[in-house]
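Undergrad:
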Amino acid sequence: GKGEYDHYMRKEIHTQPTALANTIEGRIKDGDVAFEDLPAGSFEDVECVQFVACGTSYHAAMYGGQLVREAGIRTEVLRASEYESTSGPVDENTLAVAVTQSGETADTLDAVRTAANRGARTLAVTNVVGSTAAREADDAVYIRAGPEVGVAATKTYSSQAVTLAMLSQRIAGDVPTATAADDRAAMLEALADLPQQVETVLETSEAEPLAADTIDSESFFFIGNGPAHSVALEGALKFKEITYEHAEGFAAGELKHGPLALVTEKTPVFAVATGDADGKTKTNAIEAKSRGAPIVAVGPDDHPLVDIADAHLSVPDTHPVWTGLLANVQLQLLSYHAATQLDRPIDKPRNLAKSVTVE
Ligand code: F6R
Numbered sequence: 244g245k246g247e248y249d250h251y252m253r254k255e256i257h258t259q260p261t262a263l264a265n266t267i268e269g270r271i272k273d274g275d276v277a278f279e280d281l282p283a284g285s286f287e288d289v290e291c292v293q294f295v296a297c298g299t300s301y302h303a304a305m306y307g308g309q310l311v312r313e314a315g316i317r318t319e320v321l322r323a324s325e326y327e328s329t330s331g332p333v334d335e336n337t338l339a340v341a342v343t344q345s346g347e348t349a350d351t352l353d354a355v356r357t358a359a360n361r362g363a364r365t366l367a368v369t370n371v372v373g374s375t376a377a378r379e380a381d382d383a384v385y386i387r388a389g390p391e392v393g394v395a396a397t398k399t400y401s402s403q404a405v406t407l408a409m410l411s412q413r414i415a416g417d418v419p420t421a422t423a424a425d426d427r428a429a430m431l432e433a434l435a436d437l438p439q440q441v442e443t444v445l446e447t448s449e450a451e452p453l454a455a456d457t458i459d460s461e462s463f464f465f466i467g468n469g470p471a472h473s474v475a476l477e478g479a480l481k482f483k484e485i486t487y488e489h490a491e492g493f494a495a496g497e498l499k500h501g502p503l504a505l506v507t508e509k510t511p512v513f514a515v516a517t518g519d520a521d522g523k524t525k526t527n528a529i530e531a532k533s534r535g536a537p538i539v540a541v542g543p544d545d546h547p548l549v550d551i552a553d554a555h556l557s558v559p560d561t562h563p564v565w566t567g568l569l570a571n572v573q574l575q576l577l578s579y580h581a582a583t584q585l586d587r588p589i590d591k592p593r594n595l596a597k598s599v600t601v602e
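Start counting at 1 in the sequence shown, then tack on 243, and there's your number in UniProt numbering.
So, in structure tokens, the structure goes:
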């Protein structure tokens, strides 16, 4: 049940520290990553990794995919529904990773079956043991987030992103030509603190008053670059899904290539920080600000975006790889409080289903 919470979504947001602790449990040893059935060496033949997913899972795949790419491994992050027309060449050295919390999304199952038919090795990253994706793929890694009832994915996104980040390090460790991140050990060490840092965000978030201040706007824009791009997309998807307000996420640098025409004093811009390399986010946030848009920085206190922002949703300092996931928790809370203030049916938004089993 919902217990002390008004909605499942709220409960699921608040149980993320436990969910993430379960996701990580026993998988990081001696500065390395090992999954139960996929020990070191499991991915030594991989030359290309294709992630296929829909919606929120696609955003988690973007987050994890960037880390595989950074290791120098050919990486594609593909919308499952567009797999046919966007996939590059596939062979037996291709690892097709279906990212699907339910393991039942028709588009994702279809894409991974196509990849398998073309000769790829397949891996399901899912929350549901015994799901179709888990049964059909050559291997499965479970995100261990626990059951999620709210239609809007929250804790499964966080657990997927962390699982995929760990997977990226396992793959990078196995592929002979891959280049390990210089600070890999520090990154994995920082992961151990992530559940506690999510708790800190939950306890200190100012998203509720901020939602009240901004709810009377025309549109809500979310921008970020690098890993924060996917967080911006996810922030906008969650916001539109449960508030029914118009929200869009952009790669920060794209703002001036069209969307800027929509920016006014009635369009708050949520600028997501990832701790480093956010230069494009800052310059584009300044552009939006000069058009009158209120700017909300979502990131660490000492981040340069905070200096130019009108409001700030703060996250604890961590390794830059994890900052976006803390920022995402702030955006989950923002969407939740905005939707509550608008009296929306949080757990069952109109027209949407928890698991989309038609193409
Ligand atoms: C949004 C949401 C959806 C799902 C998408 C894929 O909050 O939950 O966008 O992420 O339908 O679902 P799974 O992960 O079950 O394949």
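In this text, a Cβ means the ideal position worked out from N, Cα and C, and glycines have one as well.
Going by DSSP, what residue range makes up the alpha helix (DSSP H) through Tyr400?
TA: Tyr400 -> alpha helix (DSSP H) spans 398-417.
Undergrad: I'd like to confirm something about Ala395: is its beta-carbon nearer than 6 Å to some heavy atom of the ligand F6R, or not?
TA: The answer is yes for Ala395.
Undergrad: Could you compute how far the alpha carbon of Phe464 sits from the alpha carbon of Pro511?
TA: Each residue's alpha carbon lies about 6 Å from the other.
Undergrad: Can you find a heavy atom of the ligand F6R that lies under 6 Å from the Cβ of Cys297?
TA: Yes, since a heavy atom of the ligand F6R falls inside the 6 Å radius drawn around the Cβ of Cys297.
Undergrad: Give the secondary structure of Gly389 by DSSP, where H, G and I count as helix, E and B as strand, and everything else as coil.
TA: Gly389 falls in the coil class under three-state DSSP.
Undergrad: Could you check how far apart the C-beta atoms of Val368 and Leu410 are, in whole angstroms? I think they sit under 8 Å.
TA: Yes, they are in contact, since the Cβ atoms of Val368 and Leu410 sit about 7 Å apart, within 8 Å.
Undergrad: On the CB-based measure, 16 or more other CB atoms within 10 Å of its CB, does Ala423 come out buried or exposed?
TA: Exposed: under 16 other Cβ atoms inside 10 Å.
Undergrad: Taking 7 Å as the limit between beta carbons, can you name the residues of its chain near Ala582, skipping five residues before and five after?
TA: If we look at Ala582 and ignore the five residues flanking it on each side, its Cβ neighbours are Ile485, Thr486, Ile589.
Undergrad: Of the residues His302, Tyr306, Ser330, Cys291, which one's Cα is nearest the Cα of Thr318?
TA: The candidate whose alpha carbon is nearest that of Thr318 is Cys291.
Undergrad: How would you label Lys272, buried or exposed, when you count the other beta carbons within 10 angstroms and need 16 or more for buried?
TA: Exposed.
Undergrad: What residues in its chain sit with their C-beta under 8 Å from that of Asp436, if we drop five residues either side in the sequence?
TA: Cβ neighbours of Asp436 beyond the five flanking positions: Thr561.
Undergrad: Please give the ranges of any beta strand (DSSP E) in the stretch 349-393, keeping only runs that are unbroken, at least 3 residues long and fully inside the region.
TA: Whole beta strand (DSSP E) segments, 3+ residues: 364-369, 382-385.
Undergrad: Span of the beta strand (DSSP E) holding Thr337?
TA: Segment 337-342, the beta strand (DSSP E) holding Thr337.
Undergrad: Write down every uninterrupted run of the alpha helix (DSSP H) in the UniProt domain "SIS" (453-592) whose length is 4 residues or greater and which is fully enclosed by it, in chain order.
TA: The qualifying runs are 470-486, 522-533, 547-551, 563-584.
Undergrad: Are the beta-carbon atoms of residue 200 and Ser374 separated by less than 7 Å?
TA: In the structure displayed, the chain extends from 244 to 602; residue 200 sits before or after that span and is not available.
Undergrad: Under three-state DSSP, which class holds Arg312?
TA: Helix, per DSSP.
Undergrad: Bridge partners for Val292 per DSSP, in chain order?
TA: Partner(s): Thr318, Leu338.
Undergrad: Measuring only the C-alpha atoms, how far is Ala455 from Leu577?
TA: So the alpha carbons of these two residues sit roughly 9 Å apart.
Undergrad: Look at Gly467 and Ala450 and say whether their C-beta atoms are less than 7 Å apart.
TA: No, Cβ-Cβ distance for Gly467 and Ala450 is not below 7 Å.
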